[in-house]
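J.: FYI, the numbering for the sequence shown is 13 to 515, going by our numbering.
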Amino acid sequence: MKARPNILFVLSDDHAVQAVSALNRDGVQLNQTPNLDRIADQGAIFRNSFCANSICTPSRASILTGKHSMQNGVLTLNDSLAQNQVTFPGLLKASGYTTALVGKWHLHNNPREEDFDFWEVLPGQGKYYNPDYITPHGIVNRQGYVTDLTTDRMLDWLDNSRDREKPFLACLHFKAPHRPWMPPPRHYSLYNGHTFPEPPTLRDDYSNRCEVLKKNQLQITRHLHWNADLKVRDPGPNAHRLDAVPEDHGEYEWNRMTPDQLNAWNEGYRAREEFVRSRVLSDEEFESFVYQAYVTDYLRCIAALDDNVGRVLHFLDDQGLSENTIVVYCSDQGFYLGEHRWFDKRWIFEESMRMPLLVRWPGKIKPGTVYDQLVQNIDYAPTLLEACGVGIPDDMQGVSLQRVIEDGTEIHDALYYHYYMHGDHGVPAHDGIRTHRYKLIHFYTVNEFNLIDLQNDPLELKSLHNDPAYAGILKAMTSRYEHARAAYGISSEYGPEGTFELL
Ligand code: SGN
Ligand code: CA
């Protein structure tokens, strides 16, 4: 019998589909990610991969449990996973796998012994520079850059301490490229002198959609911080345009740096700061400056992530493990890189509902395959369980991707989405469904449906809910939506009948 496959599960934090070169071969390529592209080229791209709730802790809980937020109880960033929830790592471990987790976790309680043999996790969001890790033996501080250190720890486990008698599950969870987008010194000058193309919706005015959009607090030209986000500590005559975070705050990353690191940092960002200080920028100059600075740092963090994915792939090659290891790359959700003026995620709109998903699975997936079927983060747990010959619990709501892979079956006719963290960053609780062609959104706190025709309006700039020509579509989508809510057991408390306290 063929040995059960190993799994390398790489999960990043807030990695936009727009920032993986293999996922943008027919469009605008902002950057190059050669190592992630290697996974795609030797395996598959899932072009229509989505999350069920575009925020960190809930998406991670859905990945682990194969369930929507409502059923696993992790609705917002503040919820922890209840002890009675079953996870795919726990089921793999119980079936004879050795399991490890290193990096961002963000589920509040420490990882459970029943799920992981080895773990070292970042507290909360974690830090980019000289981060602390929580280990079963207490907090350990490590000097260096978080993406490199997280990879070092995983490679060390794979190389030196795993039980080689067992197949492994290695969960490598990067903090990058989460806010505040701090790159390592080796990438401080990457993209200097380069101008990134602006997205067509960078100056969206939010017309023709629900009024709630205008209340967002996610705009790159209004809600970023000069120092923490844009790395400009003294904006001179432009100071009034954005807030700054208090520099003496313990959370501020610069307070963690060694004097040498700080010098290198200040040197790396000197030219940017001098530009901002030099004169009052016009509105247009300011907008384009913020967009370029934001995207530059975000993509520098991705470059470091891609370097480290390359290190792990090389390790698998060197150890002769590549042939019997399934490699999965995904992020906890997508992200806005200036689309609709935004950073962050949360909304059901495409950039944040989408998740990158690349899978290399030798012997099962033909190199260079592209799948267009709708898939969701609740599907990963059943897929990996089935791949390892472990039974899928009945209460998992996701569907294994095996049938997609084997014969191109569509496993979902519509995907259900629900964001619950009402009011955080100005985003109201809302839910909806997405088919290949349409998206129905229910902004239930104001009881308004929006309907988007993704084929005619891929940038999602106009709701058609009042357009008589779409009355039939609206009716059909509403009935599918109600069906999805019933099938997934969504409580009416999270709908128009609920009471909504701002988080
Ligand atoms: C922090 C960020 C937010 C971000 C949340 C959630 N602010 O609070 O912008 O939306 O994390 O991110 S920051 O100024 O502290 O960086 S998530 O990845 O955990 O969902
Ligand atoms: Ca995230």
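Glycine included, every Cβ here is placed at the ideal spot set by N, Cα and C.
Have a look at L242 and L42 and give me their C-alpha separation to the nearest angstrom.
T.: Straight-line Cα distance between these residues: approximately 19 Å.
J.: From the DSSP output, which residues share a beta bridge with T111?
T.: Answer is L181.
J.: Return helix, strand or coil for Q388, following the three-state DSSP convention.
T.: In this structure, Q388 counts as strand in the three-state DSSP scheme.
J.: Thinking C-alpha only, which one of F130, L48, P196 is nearest S33?
T.: That would be L48, whose Cα lies nearest to the Cα of S33.
J.: List in chain order: all unbroken alpha helix (DSSP H) runs of 4+ residues lying wholly within the stretch 41 to 89.
T.: Those alpha helix (DSSP H) runs which fall completely within the stretch 41 to 89 and span 4+ residues are 46 to 54, 68 to 77, 81 to 84.
J.: Confirm the yes/no value for this check: CB of D356, any heavy atom of ligand 2, distance under 6 Å.
T.: False, no ligand heavy atom lies under 6 Å from that Cβ.
J.: Determine the direct distance from the alpha carbon of S475 to that of H63, and round the result to whole angstroms.
T.: Note on residue identity: the sequence assigns Cys, not His, to residue 63. If I take the Cα positions, the gap works out to 22 Å.
J.: Taking the CB atoms as reference points, tell me whether P379 and Q54 lie closer together than 7 Å.
T.: Yes, these two residues count as a Cβ contact at 7 Å.
J.: Give the C-beta separation of A426 and Y506 to the nearest angstrom, bearing in mind that I take them to be a contact with Cβ-Cβ under 8 Å.
T.: Not really, about 18 Å apart at Cβ, beyond 8 Å.
J.: Since E259 contacts Y141 with CB under 8 Å, what's their CB separation in whole angstroms?
T.: Not really, about 15 Å apart at Cβ, beyond 8 Å.
J.: Indicate, with yes or no, if ligand 1 has a heavy atom lying under 6 Å from the CB of R72.
T.: No, since every heavy atom of ligand 1 falls outside the 6 Å radius drawn around the Cβ of R72.
J.: If the criterion is Cβ atoms closer than 7 Å, does the pair T99 and D127 meet it?
T.: Yes, the pair counts as a contact, with Cβ atoms nearer than the cut-off.
J.: Going by the DSSP bridge assignment, what does Y428 pair with across the sheet?
T.: Partner(s): I445.
J.: Return the chain-ordered ranges of every beta strand (DSSP E) run that is complete within the stretch 160 to 228 and spans a minimum of 3 residues.
T.: Whole beta strand (DSSP E) segments, 3+ residues: 180 to 185.
J.: Name, in chain order, the residues that DSSP records as bridge partners for Y141.
T.: Y141 pairs with Y157.
J.: Given 6 Å as the limit, tell me if D344 has its C-beta closer than that to any heavy atom belonging to ligand 3.
T.: Questions concerning ligand 3 fall outside what the structure shown contains, since the ligands it does hold are ligand 1 and ligand 2.
J.: Measuring alpha carbon to alpha carbon, tell me which of G322, G115, R16, Q273 ends up nearest Y109.
T.: Among G322, G115, R16, Q273, the Cα nearest to that of Y109 is on R16.
J.: Can the beta-carbon of L181 be found less than 7 Å from the beta-carbon of M166?
T.: Not closer than 7 Å, so no.
J.: Could you please give me the residues that DSSP links to P22 through a beta bridge?
T.: The amino acid occupying residue 22 in the given sequence is Val; Pro does not appear at that position. DSSP output for V22 lists L184, Y341 as bridge partner(s).
J.: If you draw a straight line from the alpha carbon of Q273 to that of M194, how long is it in whole angstroms?
T.: Q273 and M194: Cα-Cα distance of roughly 12 Å.
J.: Please confirm whether any heavy atom of ligand 1 lies closer than 6 Å to the CB of C63.
T.: Checking the Cβ of C63 against ligand 1 gives no.
J.: Give the straight-line distance between the Cα atoms of T457 and P196, rounded to the nearest whole angstrom.
T.: Roughly 42 Å separates the two Cα atoms.
J.: Is R234 buried or exposed, if buried means 16 or more other CB atoms sit within 10 Å of its CB?
T.: So R234 counts as exposed.
J.: In the DSSP assignment, find the unbroken beta strand (DSSP E) run with H477 in it and report its ends.
T.: No beta strand (DSSP E) contains H477, which DSSP labels as neither H nor E.
J.: Note the first and the last residue of the continuous beta strand (DSSP E) segment covering V133.
T.: Note, V133: beta strand (DSSP E), 130 to 133.
J.: Nearest CA to the CA of S107: which residue from A256, H149, P179?
T.: Nearest C-alpha to S107: P179.
J.: I'd like to confirm the pairing. Which residues does DSSP put opposite V371 in its beta bridges?
T.: Note: V371 sits in a beta bridge opposite A56, V340.
J.: Pull up the distance between the alpha-carbon of R497 and that of T490, whole angstroms please.
T.: R497 and T490: Cα-Cα distance of roughly 11 Å.
J.: Short check: CB of C68 to CB of H118, under 7 Å?
T.: A contact, by the Cβ cut-off of 7 Å.
J.: Indicate whether Q385 and E351 have their beta-carbon atoms separated by less than 7 Å.
T.: No, Cβ-Cβ distance for Q385 and E351 is not below 7 Å.
J.: Hey, would you say S81 sits closer than 7 Å to H120, going by beta carbons?
T.: Going by C-beta atoms, S81 is not nearer than 7 Å to H120.
J.: To the nearest angstrom, how far is it from the Cα of L134 to the Cα of V158?
T.: Cα-Cα distance, rounded: 9 Å.
J.: Count the other C-beta atoms from every protein chain shown that fall within 10 angstroms of the C-beta of L514, then say buried if there are 16 or more, exposed otherwise.
T.: Classification of L514: exposed, given that the 10 Å Cβ count is below 16.
J.: Can you tell me whether Q231 is helix, strand or coil according to DSSP?
T.: Here Q231 sits in strand by DSSP.
J.: Please work out which residues of its chain come closer than 7 Å, Cβ to Cβ, to L35, disregarding the five sequence neighbours upstream and downstream, and give them in chain order.
T.: Excluding positions up to five away in sequence, the list reads V29, I57, P368.
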